[in-house]
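Notes for the one structure printed next.
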Amino acid sequence: MSEGTPVPGERNRPGAVHPTHRAIPPSDPAHMRQCLSRFATGVTVIATRGQDGRYAGLTASSFNSLSLDPPLILWSLAASAASLEVFKGQRFFSVSILSVEQVELARRFASRVPDRFDGVPVHEGLDGIPLIDGAVGWFECERRTQHHHGDHWLFIGEVKRCAAAEGSPLVFRRGEFASAGTLGAPVSPTVAPLSLQGGPEPQGREPGEHPFHEEYLPFLLARAGHHIAAGFNRQLQGHGLGMLSWRVLAALSSRDDWTVGELSAASLSKQPTISKLIDRLAGQGIVARRVDPADARRVLVSLTPKGHADIAPVLQDAAAFNLSLLTDYPPETLTGLKHLLRDIIARHPSA
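For the sequence shown, the working numbering assigns the number 1 to the initial residue and increments by one for each residue that follows.
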């Protein structure tokens, strides 16, 4: 019988070969990588600040928890990595857990661009270490120890500060980026449905017993959006921003080179209005414009370093506000809601 074929009647005997299990010694690196790729991991950017004050960072999926008491994490770095000596020589490093919206950023920090942090919005933590804006989790760590094993260095850090934001984490499996879904667990029975008046749904009311407007999806979406926007608008006023400026700046913080049409769609506003806003923001040094090299008729808009610095605290407040809205709901409910809303948007694009 060939390798991989079970002995008749012995399928469950210890040591019997499973028909899909072709065990090969891991001396073949390609086979080893293929096997490891079946294990889905999160995606992080590990970063530090060098002695020269410059940031160093890379995309890593080797991050993991080691201990809760004391709070320890670990990650590994190839011995051939250009940034190895920087990380070996620094006391502090950061871990930013990337969101599903940060695929391009993950690719950037895995590339060979001269300055991976150029144009990337960050905020600084302990000892000036950079943390990526828009991530779903952050850890500020002090290096405890480092060891050289095989072709990698293992770093163990003690978590000094950490924070989490609402959002879906980016996943890496089989050599590709992916999103993390759920298995459709039922809604937690501890969360009572809410009525439009803000209190628990009256007991005994059956579906369909609401007035029509309380069953009408556009009305429900508009009502929910109105309440949410009103709450966050008060925070925006503290930063000297209006809702339209916030939407445009939040979009610009995610990447460079937006067209006015793209910003118009992202901010739910008309192009002439966006053009006037861009003029004002450019005058304040918050955005910069340049002609599209591929099409001289188009203008590309990006945040300036000042713009990134100005929007960073607003993004932090937005993440905290978002988390406060969703704290009482189970993750599977939130994931299902977001998938539904994104699907509705995709199926009914603006005219």
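C-beta: ideal position from N, C-alpha, C; glycine also.
Residue i versus residue j - alpha carbon distance
i: P331; j: D295; result: 44 Å
i: F109; j: S96; result: 12 Å
i: L74; j: S65; result: 6 Å
i: L98; j: V45; result: 7 Å
i: Q34; j: F177; result: 15 Å
i: T145; j: R91; result: 10 Å
i: P202; j: R247; result: Per-residue confidence for P202 stands at a pLDDT of 41, beneath the threshold of 50, marking its modelled position as unreliable; the derived number appears in the next sentence. Taking the straight line joining both Cα atoms gives about 37 Å.
i: G285; j: G307; result: 7 Å
i: L72; j: V159; result: 6 Å
i: Q197; j: G225; result: Reliability of the predicted coordinates at Q197 is poor, the pLDDT of 37 falling under 50, and no value is obtained from them.
i: I311; j: I345; result: 26 Å
i: E101; j: V299; result: 24 Å
i: V187; j: F117; result: For V187, the predicted structure reports a pLDDT of 42, less than 50, and the residue's modelled location is therefore unreliable. A value from the coordinates is still provided. Straight-line Cα distance between these residues: approximately 40 Å.
i: K270; j: P121; result: 27 Å
i: G157; j: T273; result: 49 Å
i: V136; j: A265; result: 25 Å
i: Y329; j: A320; result: 15 Å
i: H227; j: P114; result: 45 Å
i: E104; j: R112; result: 14 Å
i: P293; j: A106; result: 25 Å
i: R359; j: F232; result: Shown here, the chain extends from 1 to 351; a query on residue 359 therefore has no answer.
i: P305; j: L236; result: 20 Å
i: M32; j: H147; result: 22 Å
i: R143; j: D69; result: 16 Å
i: S275; j: W258; result: 12 Å
i: R297; j: A309; result: 30 Å
i: L220; j: V291; result: 42 Å
i: P189; j: G283; result: Any reading at P189 is ruled out, since the residue's pLDDT is 40, under 50, leaving its predicted position unreliable.
Residue from the options with nearest C-alpha to residue i
i: G125; options: L341, W138, F63, A180; result: W138
i: A82; options: G57, A265, A165; result: G57
i: A229; options: A265, A164, N322, S37; result: N322
i: V260; options: R234, R289, F63, G283; result: R289
i: G238; options: Q90, P313, L326; result: P313
i: A318; options: G167, S269, I156; result: G167
i: A360; options: L341, D69, A346, E85; result: The displayed coordinates of the chain run from 1 to 351. Any statement about residue 360 would go beyond what the structure contains.
i: L281; options: S245, C162, N233; result: S245
i: I132; options: I278, G150, Q316; result: Q316
i: P218; options: H348, G242, D52, G150; result: H348
i: D279; options: G150, V301, V103; result: V301
i: S80; options: H149, G231, L277; result: H149
i: H123; options: R234, R297, N233, A47; result: A47
i: E85; options: R297, L268, D52; result: D52
i: G89; options: V103, M32, R107, F155; result: F155
i: S267; options: F232, M243, G283; result: M243
i: L277; options: L241, P70, H339, R297; result: L241
Pair within 7 Å by beta-carbon distance, residue i and residue j
i: G42; j: P130; result: no
i: D256; j: G119; result: yes
i: G128; j: R49; result: yes
i: H152; j: A30; result: no
i: S67; j: S76; result: no
i: V171; j: A180; result: yes
i: A40; j: R173; result: yes
i: M287; j: L303; result: Checking the displayed sequence, the identity of residue 287 turns out to be Val instead of Met. The answer is yes: Cβ separation under 7 Å.
i: C141; j: F93; result: yes
i: G175; j: S37; result: yes
i: L334; j: L326; result: yes
Beta-bridge partners of residue i, as assigned by DSSP
i: P71; result: L68
i: D292; result: D295
i: W138; result: S96, A163
i: R143; result: G157
i: P121; result: None, per the DSSP bridge assignment.
i: L303; result: V287
i: F177; result: F172
i: V45; result: T59, S96
i: H152; result: A78, H149
i: Q325; result: One detail in the question is off: residue 325 reads as Leu in this sequence, not Gln. The partner list for L325 (beta bridge, DSSP) is empty, contrary to what the question assumes.
i: W258; result: V301
Contact test: residue i Cβ vs the ligand COA heavy atom, cutoff 6 Å
i: P71; result: Of the ligands one can find in the structure shown there are none, so the ligand COA has no counterpart to examine.
- Message: Can you confirm whether the region 213–223 touches the region 251–268 when touching is taken to mean that 3 or more C-beta pairs between the two stretches lie within less than 8 Å?
- Response: no
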